[in-house]
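**Student:** I am attaching a structure below and will ask some questions about it afterwards.
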Amino acid sequence: MRAKRSVITGLVFLVSAMLTGCGFTPMYGSAGLANGLQDISVVTGPERVDFLLQEALYDRLGSRGASGHYTLQTTTEINKLGLGVGADAIAARFAVELEVQYELHMAGNADALVTGRISSEASYDVSSSVYASLAAERDAEERAAQMVANRLVIQLARALQDQDGW
721 MRAKRSVITG LVFLVSAMLT GCGFTPMYGS AGLANGLQDI SVVTGPERVD
771 FLLQEALYDR LGSRGASGHY TLQTTTEINK LGLGVGADAI AARFAVELEV
821 QYELHMAGNA DALVTGRISS EASYDVSSSV YASLAAERDA EERAAQMVAN
871 RLVIQLARAL QDQDGW
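Read the sequence shown against the numbering used here and you will find it ends at 886, with the numbers running on by one and no gaps.
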């Protein structure tokens, strides 16, 4: 049993040494690429989905107390699409599509460092209960905002790596 544990520990160290030698850089962690994203403040619109996106971005960026050297401005557009139309011509399933256009600015600079557009979709079932349907719709909006936030942080981390720290 002890020999097996030693072999596994040795393999873990060998693999980690190989990854370090090939230029692998972790995205998250103390020395990761996303570490440079903690200085971004997020500006969104006044709608509920904007708030959900802002909270998800702050969670992923770790920038809730950012000093504001960088500002991420987002514009959201949300659409509901009817799916799964039954024999009675009533949609029994909907998809919430969230499209976000974003720009990253450095403080005091009008030119955007990074721009882009991200979309995400989350679906939900319509229930016979109005409350359950509303709760399912809100949950789908929250899931869509979290997926957009995940993708946006990945794109920002890639841009940070490509531009060597902006």
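Virtual Cβ for every residue (Gly too), placed ideally from N, Cα, C. Values in this document were obtained by computation on a predicted structure and should not be read as measured data.
Taking 7 Å as the cut-off, is the CB of S843 close to at least one heavy atom of the ligand FMN?
**Tutor:** Ligands displayed in this structure: none; no statement on the ligand FMN is therefore possible.
**Student:** In its own chain, which residues sit with a C-beta less than 6 Å from the C-beta of T795, not counting the 5 before and 5 after it?
**Tutor:** One-based indexing of the sequence shown puts residue 795 at position 75. These residues qualify, in order along the chain: Q821.
**Student:** Between which two residues does the alpha helix (DSSP H) holding A812 run?
**Tutor:** Taking the first residue of the sequence shown as position 1, residue 812 is located at position 92. Per DSSP, A812 belongs to no alpha helix (DSSP H); it is in the beta strand (DSSP E), 811-826.
**Student:** Tell me the DSSP bridge mates of S761?
**Tutor:** Start at 1 with the first residue of the sequence shown, and residue 761 comes out as number 41. T791.
**Student:** Taking the straight line between their C-alpha atoms, what separation do you get for A864 and L731?
**Tutor:** For the purposes of this step, residue 864 is taken as the residue at position 144 of the sequence shown. For the purposes of this step, residue 731 is taken as the residue at position 11 of the sequence shown. If I take the Cα positions, the gap works out to 39 Å.
**Student:** Where M826 and I874 are concerned, what is the direct C-alpha to C-alpha distance, given to the nearest angstrom?
**Tutor:** Here residue 826 refers to the residue found at position 106 when the sequence shown is read from its first residue. Here residue 874 refers to the residue found at position 154 when the sequence shown is read from its first residue. Near 19 Å, if we compare the C-alpha coordinates of I874 and M826.
**Student:** Is the beta carbon of V763 less than 8 Å from the beta carbon of L777?
**Tutor:** Indexing the sequence shown from 1 puts residue 763 at position 43. Indexing the sequence shown from 1 puts residue 777 at position 57. Contact flag unset, no.
**Student:** Give me the residue from A860, L880, S840, L854 with the minimum Cα distance to M867.
**Tutor:** As a first step, residue 867 is located in the sequence shown; it is residue number 147 there, counting from the start. M867 has its Cα closest to that of S840, out of A860, L880, S840, L854.
**Student:** For F771, count neighbouring Cβ atoms within 10 angstroms of its own Cβ and tell me buried if that reaches 16, exposed if not.
**Tutor:** Numbered from 1 along the sequence shown, position 51 holds the residue referred to as residue 771. The residue in question, F771, is exposed, as its Cβ has fewer than 16 Cβ neighbours within 10 Å.
**Student:** Of all the options E817, D882, Q883, N870, which has the alpha carbon lying nearest to the alpha carbon of G782?
**Tutor:** Numbered from 1 along the sequence shown, position 62 holds the residue referred to as residue 782. Residue N870 is the option with its Cα nearest to G782.
**Student:** Look up R780 in the DSSP assignment and say whether it is helix, strand or coil.
**Tutor:** Within the sequence shown, numbered from 1, the residue matching residue 780 stands at position 60. R780: helix per DSSP, three-state reduction.
**Student:** Counting pairs of beta carbons, one from the region 836-854 and one from the region 806-817, are three or more of them closer than 8 Å?
**Tutor:** yes
**Student:** Have a look at D779 and N799 and give me their C-alpha separation to the nearest angstrom.
**Tutor:** Here the question's residue 779 lines up with position 59 in the sequence shown. Here the question's residue 799 lines up with position 79 in the sequence shown. C-alpha separation (whole angstroms): 25 Å.
**Student:** Which of helix, strand or coil does DSSP assign to E862?
**Tutor:** Along the sequence shown, read from residue 1 onward, the residue named residue 862 stands at position 142. Note: E862 maps to helix in three-state DSSP.
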